Amino acid sequence: MKRIREYLFDKDEEKWTSAAHELSGESAHIFALFLILLSQDNAEMQETQMRLENPDFWLLKHESANEKVKEGQDEDFTLPLIHALFDCHATTTQYSLPRRFCDEVLMKFLSLKDGLLLMKAEDDGGRTVRSLALTNKNTKGWAKTYGTYLDRYSVMEGPPVHESKTCAVHFATDILTNEAVALKIMRKNDQYDREIDARTAADGGDANLEGCLPLLHREDENFAKRLNNELCLVMKRGSRSLFEAINTERFAGRDLQKIRTIAYKILSAVKSLHDSGRIHGDIKPRNVVRVAASKQYTFSDKDTGGRLEVPQEWRDNVTGERSDVTSDEDWQLIDLDASAKMEDLVTEKVSTGYAAPELAKWHF
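Mapping of the sequence shown onto numbering that gives the first Met the number 0: position 16 corresponds to residue 15, and the numbering continues sequentially without gaps.
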């Protein structure tokens, strides 16, 4: 084990040896085997572990990389070591980097935060580590799911887009379809069950009620069980809530056609719920989302020779109402964890900002 460590790491442990760089670009499968063996020997890894936990260490190039490439020298020799590993024999399975290396070395020594940073690192040609891992037949599956939730959702960085005492909502991308989705993670089983039940018609029919944002990815029974275990609801990502639209799009009191359309969509959704024998229980602007984007009318490409221009019609239209166009928007209800059957005495969840009298008398 000591000879392997001396073969791969410089004496002061600050960099990879020339032999390590050469091996990474020519025989990644052997390089991987060496590090897997070392990772299983705690005594030998004590001196090396701190280096492997640093993503910058994996991005080191050979010391001659910044010099002119000598005549006849393989240009891959100038790649960061981690890029060379994933790029080595990428179209084969016998000599390329094995999946086991990702599981037993990278995931062992790198925190998820550092690992995701490493996946974004680019070589001089603009290729990221993840893109190289995706082209490598052995590591493609690992690269797709690394850092994802439920092996499927790449969650947007940052805090939840919404958080309450009952749930947190995060935006994500479904890596299987590249679709933008919203993940609603519930805290309690009963509220999660109400979300599911509210979308099931009273006669046990269609689980996607008209006007209520449907749940996604539940057609596979096994995956649906994983979602249930996580109390996770997956929905199409809405472009904006009605609350945000009212505050930013300046149509309230101005664009009557738009207001009529939104009101019609909301009332149709409420009727659909009532026809199924349930009430929503928490209707408010924050719980109405736009799922079909509204067109913008500030710019026009009509008779402009392929350029965008601001038409005079927009400048003259100070009210914002467009009577010459039909609405292309679709608004749907969300947040059905307060939903209840009509014969129930009261729903268990209610907003304190406003509560209907029949709810308030039971809660306050």
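Positions of the beta carbon are idealized from the N, C-alpha and C atoms, including for glycine.
The model shown is predicted, which means the values in this text are computed figures rather than measured ones.
Asked	Found
Spatial neighbours of residue 222 within its chain, please: C-beta separation below 7 Å, excluding the five flanking residues on both sides.	216
Relative to the C-alpha of residue 0, which residue among 146, 41 and 186 is closest?	41
Rounded C-beta distance between residue 174 and residue 117? I'm assuming under 8 Å.	Actually they are not in contact, since the Cβ atoms of residue 174 and residue 117 sit about 18 Å apart, beyond 8 Å.
Residues in the same chain with beta-carbon distance under 7 Å from residue 23, minus the five sequence neighbours each way, listed in chain order, please.	30, 80, 83, 84 and 87
With residue 28 as the anchor, note down where its beta strand (DSSP E) starts and where it stops.	Residue 28 -> not in any beta strand (DSSP E); alpha helix (DSSP H) instead, spanning 27-38.
Leaving out the 5 sequence neighbours to the left and right, which residues in its chain are closer than 7 Å to residue 11 when beta-carbon positions are compared?	none
How about residue 180 and residue 171: do their beta carbons lie closer than 8 Å?	yes
Under 8 Å between the Cβ atoms of residue 32 and residue 108?	no
Roughly how many angstroms lie between the CA atoms of residue 67 and residue 328, to the nearest whole one?	Bear in mind that a pLDDT of 42 at residue 67, under 50, signals an unreliable position, so the number given afterwards is only what the model happens to contain. Answer to the nearest angstrom: the Cα atoms are 58 Å apart.
Alpha carbon to alpha carbon, how far is residue 147 from residue 280? Give it in angstroms, no decimals.	33 Å
Below 8 Å, how does it come out for the region 162-170 and the region 129-146: are there three or more Cβ pairs, yes or no?	no
With H, G and I counted as helix, E and B as strand and the rest as coil, what does DSSP make of residue 255?	helix
Could you tell me if residue 371 is buried or exposed, where buried requires 16 or more neighbouring beta carbons within 10 angstroms of its beta carbon?	Residue 371 falls outside the range modelled here, since the chain spans only 0 to 363, and no answer is possible.
Please check the pair residue 334 and residue 286, which I expect to be a contact at CB under 8 Å, by giving their CB distance rounded to whole angstroms.	4 Å
Can you give me the C-alpha to C-alpha distance between residue 203 and residue 190, rounded to a whole angstrom?	Note that residue 203 has pLDDT 47, beneath the 50 cutoff, so the model's placement of it is unreliable and the number below is only indicative. Roughly 19 Å separates the two Cα atoms.
With a threshold of 6 Å on Cβ separation, who are the neighbours of residue 120 within its own chain once the five nearest residues in sequence on each side are excluded?	58 and 128
Going by beta-carbon coordinates alone, are residue 138 and residue 78 separated by less than 8 Å?	no
Would you give the residue range spanned by the beta strand (DSSP E) that residue 331 belongs to?	329-332
Going by beta-carbon coordinates alone, are residue 277 and residue 330 separated by less than 8 Å?	no
For residue 8, which three-state DSSP category applies?	strand
Closest to residue 35 by C-alpha separation, out of 101, 5, 62 and 55, would be which residue?	101
How about residue 114 and residue 145: do their beta carbons lie closer than 8 Å?	yes
Helix or strand or just coil, what does DSSP make of residue 274?	helix
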